[in-house]
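S.K.: My questions all concern the structure below.
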Amino acid sequence: MTAQIPPSTSTEQAAPPILRSSRYEYALLGMIIVVVVATTIGSGGNFWSAANLNSILVDAALTAIPAIGMTFVIITGGIDVSVGAILGLSAALTGIAYNHGLSPWTAALVGIIAGTVMGIINGFFIAFIQIPPIITTLGFLSIWSAALYLVLGGNWITNIPASYTSVAVTDKVLGIPLSMWVALALVIAFSWILSHRPWGRYLYAIGNNAEGSRIFGLPVNKTIVLSYTLLGMFSAIAAIVHLGLSPLVQASTGSGFELTVIAAVVVGGTSIVGGRGTIVGSLLGAIFVEIINDAVVLFHIQAFWQGVALGIMILISVMVGNLYRRRQKAR
Numbered sequence: 204m205t206a207q208i209p210p211s212t213s214t215e216q217a218a219p220p221i222l223r224s225s226r227y228e229y230a231l232l233g234m235i236i237v238v239v240v241a242t243t244i245g246s247g248g249n250f251w252s253a254a255n256l257n258s259i260l261v262d263a264a265l266t267a268i269p270a271i272g273m274t275f276v277i278i279t280g281g282i283d284v285s286v287g288a289i290l291g292l293s294a295a296l297t298g299i300a301y302n303h304g305l306s307p308w309t310a311a312l313v314g315i316i317a318g319t320v321m322g323i324i325n326g327f328f329i330a331f332i333q334i335p336p337i338i339t340t341l342g343f344l345s346i347w348s349a350a351l352y353l354v355l356g357g358n359w360i361t362n363i364p365a366s367y368t369s370v371a372v373t374d375k376v377l378g379i380p381l382s383m384w385v386a387l388a389l390v391i392a393f394s395w396i397l398s399h400r401p402w403g404r405y406l407y408a409i410g411n412n413a414e415g416s417r418i419f420g421l422p423v424n425k426t427i428v429l430s431y432t433l434l435g436m437f438s439a440i441a442a443i444v445h446l447g448l449s450p451l452v453q454a455s456t457g458s459g460f461e462l463t464v465i466a467a468v469v470v471g472g473t474s475i476v477g478g479r480g481t482i483v484g485s486l487l488g489a490i491f492v493e494i495i496n497d498a499v500v501l502f503h504i505q506a507f508w509q510g511v512a513l514g515i516m517i518l519i520s521v522m523v524g525n526l527y528r529r530r531q532k533a534r
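Structure representation (structure tokens):
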């Protein structure tokens with residue numbers, strides 16, 4: 204039987220997914236411009252230094268790459284709080300593979316495969332064992348973190364290939380670091396998939412009505428597993444960028460990173476309860492989050508305020524999303 208997308212009476216849901224959040228994305232772009240102007244004035248122009256702009260772009264790429272996968276997951280109504288642990292363990296396995304004689308990019312492939320497998324495991328327990336996403340990924344956050352501690356054996360990995368730094372930070376095309384070009388390529392490719400391929404439509408349908416999607420014959424379980432698989436893979440790719448930024452792996456590597464990724468996705472307009480969101484929005488969200496973090500540094504504000512700002516951004520974005528849904532229901 205050919206799977207069909209469940210019909211929707213909502214005019215918003217009837218629109219192509221890639222266009223649904225366009226107004227929000229324009230508003231977010233306006234907010235980015237406002238923050239950039241304010242930061243430029245407040246920092247005496249230091250915002251526009253080449254080193255600072257490069258730092259923002261690399262940090263935004265680090266966040267945006269896994270944010271693509273997190274967008275898929277949240278659109279389906281899921282969540283993954285083990286992203287930071289997946290990044291840390293993937294980085295450690297990459298470093299260990301390199302220190303055991305593999306070439307830098309073969310070692311990177313080992314880490315990416317490991318991250319992909321971790322994503323598959325997360326997705327399997329959520330889709331087939333039917334454990335709620337927050338419980339599943341909290342459990343695996345502990346498991347992957349413990350595994351990171353075990354593979355490190357109380358030591359740090361410091362022998363990291365210089366080629367990772369070249370690709371992530373120093374090598375540029377048209378003045379933009381390669382890591383951001385990788386993020387942009389992934390955003391373009393998966394935005395097209397999200398809006399033009401059946402799998403993308405399945406994500407939105409599941410997020411709006413999972414049980415209805417099952418009744419209509421959509422491959423709900425496979426779609427959910429694939430979304431977590433891609434998130435695991437993208438988290439491992441981000442681990443390579445992280446190693447380029449900070450050529451060191453320790454037991455705390457990746458800790459708290461999941462909140463940054465979730466913030467980028469939610470700030471980018473993806474509904475935390477599922478059914479709505481775009482990858483372009485998540486990219487803009489990642490840029491916005493990193494500009495805010497950069498402003499905290501340029502204004503010499505204590506670092507813990509970054510966490511406060513992150514929490515406030517998540518709360519405001521969820522509140523805006525709730526108001527948007529109420530307006531849609533009232534129509």
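According to this note's numbering, the sequence shown is numbered sequentially starting from 204.
All C-beta atoms, glycine included, are put in the ideal place defined by N, C-alpha and C.
Quick check on this structure: which residue in L231, P450, I490, Q509 has the alpha carbon closest to the alpha carbon of V499?
M.R.: Start at 1 with the first residue of the sequence shown, and residue 499 comes out as number 296. That would be Q509, whose Cα lies nearest to the Cα of V499.
S.K.: DSSP three-state call for V284: helix, strand or coil?
M.R.: Translated into the one-based positions of the sequence shown, residue 284 becomes position 81. Here V284 sits in coil by DSSP.
S.K.: Tell me which residues share the same chain as T274 and place their Cβ nearer than 7 Å to its Cβ, disregarding the 5 neighbours each side in the sequence.
M.R.: The residue you call residue 274 lines up with position 71 of the sequence shown. If we look at T274 and ignore the five residues flanking it on each side, its Cβ neighbours are V468, T473, G480, I482, S485.
S.K.: What is the residue span of the alpha helix (DSSP H) that L561 lies within?
M.R.: Nothing can be reported for residue 561: it is not among the residues displayed for the chain, which extend from 204 to 534.
S.K.: Would A365 be called buried (16 or more neighbouring beta carbons within 10 Å of its own) or exposed?
M.R.: Here residue 365 refers to the residue found at position 162 of the sequence shown. Looking at its Cβ environment, which holds fewer than 16 other Cβ atoms inside 10 Å, A365 is exposed.
S.K.: For a test of the three-state rule: what should DSSP assign to I504, helix, strand or coil?
M.R.: Here residue 504 refers to the residue found at position 301 of the sequence shown. In this structure, I504 counts as coil in the three-state DSSP scheme.
S.K.: Put P380 into one of helix, strand or coil per three-state DSSP.
M.R.: Taking the sequence shown and counting its residues from 1, the one referred to as residue 380 is at position 177. Three-state DSSP puts P380 in a strand.
S.K.: Kindly indicate the opening and closing residues of the alpha helix (DSSP H) around W359.
M.R.: Residue mapping note: residue 359 aligns to position 156 of the sequence shown, counting from 1. Premise fails: W359 is in no alpha helix (DSSP H) and is neither H nor E.
S.K.: Check whether the Cβ atoms of L501 and F250 sit closer than 8 Å, and answer yes or no.
M.R.: By 1-based counting over the sequence shown, the position of residue 501 is 298. By 1-based counting over the sequence shown, the position of residue 250 is 47. Contact flag set, yes.
S.K.: Could you give the distance in angstroms between the alpha-carbon of M516 and the alpha-carbon of V423?
M.R.: Mapped onto the sequence shown, residue 516 falls at position 313. Mapped onto the sequence shown, residue 423 falls at position 220. Straight-line Cα distance between these residues: approximately 31 Å.
S.K.: So, I289 versus P336, is the Cβ gap smaller than 8 Å?
M.R.: Sequence index remark: in the sequence shown, residue 289 carries index 86 (1-based). Sequence index remark: in the sequence shown, residue 336 carries index 133 (1-based). No, these two residues do not count as a Cβ contact at 8 Å.
S.K.: Pairs of beta-carbons, one from the stretch 261-281 and one from the stretch 429-436, closer than 8 Å: are there three or more?
M.R.: Judged by Cβ distances under 8 Å, the stretch 261-281 makes contact with the stretch 429-436, as three or more pairs qualify.
S.K.: Please name the residue or residues paired with V452 in a DSSP beta bridge.
M.R.: Numbered from its first residue, the sequence shown carries residue 452 at position 249. Answer by DSSP bridge pairing, in chain order: I360.
S.K.: Any beta carbon of chain B sitting closer than 8 Å to that of F419?
M.R.: Reference to chain B is not applicable here, since this structure consists of a single protein chain.
S.K.: Measure the Cβ-Cβ separation of T297 and V313 and say whether it is below 8 Å.
M.R.: The count along the sequence shown starts at 1 and reaches residue 297 at position 94. The count along the sequence shown starts at 1 and reaches residue 313 at position 110. Contact flag set, yes.
S.K.: Residues bridged to K425 by DSSP?
M.R.: Looking up residue 425 in the sequence shown gives position 222. Its beta-bridge partners do not exist; DSSP assigns none.
S.K.: Give the single residue among G477, N302, A506 whose Cα lies nearest to the Cα of N525.
M.R.: As a position in the sequence shown, residue 525 is number 322, starting the count at 1. Closest by alpha carbon: G477.
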